[in-house]
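In the numbering used here, the protein residues as written are 4 to 162.
See below for the structure under consideration.
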């Protein structure tokens, strides 16, 4: 919890920024669902707000799951970071300390949303996604279901 007013304002601004990426039906589900679904909706909002996070999850984590490679390590993140740096100069300009902070935040976020079992030596796992959440997301754009590490076949079976 943030103790200073400035810190509290920063957290509030971040929450608001993420929530602005949800539609009305998703916001309603967020307000009226159990904790696990709420975490996954927050995950959806973060992925929509931050393209870097979205691409990392779909291109790195989901692809690892599809080849039954469930371990996630610093080198996976580093490889992705290096690829993104060649495409986006703003990523390349960030220093090593910023990169480490972002990696730690991403790994912690993945553990908090249930996509990994921890943030120390994380193992990938597919979270349980409620039928209601699948319906709400699938109706608008089923591609977003990939952020839950679901395979194309699983998505097709669910919608």
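From the three backbone atoms N, C-alpha and C, an ideal C-beta is built for every residue, glycine too.
Contact check for residue 152 against residue 64 passes: the beta carbons are separated by less than 7 angstroms.
Under the three-state reduction of DSSP, residue 153 is assigned to coil, being neither helix nor strand. Residue 119 carries a strand assignment under DSSP once its states are collapsed to helix, strand and coil. The three-state reading of DSSP puts residue 56 in helix, counting H, G and I together. Counting only residues of its own chain and dropping the five nearest sequence neighbours on each side, residue 69 has a CB closer than 7 angstroms to the CB of 154. Straight-line measurement puts the Cα of residue 30 at about 33 angstroms from the Cα of residue 76. Looking at the DSSP output, residue 126 shares a beta bridge with 74. In this model, residue 22 and residue 96 are separated by some 28 angstroms (Cα to Cα). With respect to the 7 angstroms criterion, residue 60 and residue 158 are not classified as neighbours on the basis of their beta carbons. Only residues of its own chain outside the window of five on either side were considered, and among them 59, 63 have a CB closer than 6 angstroms to the CB of residue 83, listed in chain order. Minimum Cα-Cα distance from residue 52 among the listed residues 138, 125, 134, 16 corresponds to 16.
Shown here for residue 88: same chain residues with a beta carbon closer than 8 angstroms to its own, the five before and five after excluded, namely 94, 95 in chain order.
When the five nearest sequence neighbours on each side are left out, the beta carbons in the same chain lying within less than 8 angstroms of the beta carbon of residue 135 are those of 32, 36, 40, in order along the chain. For the pair residue 106 and residue 99, the Cα-to-Cα distance works out to about 10 angstroms.
Residue 117 is positioned such that its CB atom lies closer than 7 angstroms to that of residue 130. A check of alpha carbon separations from residue 49 across 108, 72, 80 identifies 108 as the nearest. DSSP, read as helix, strand or coil, puts residue 91 in coil.
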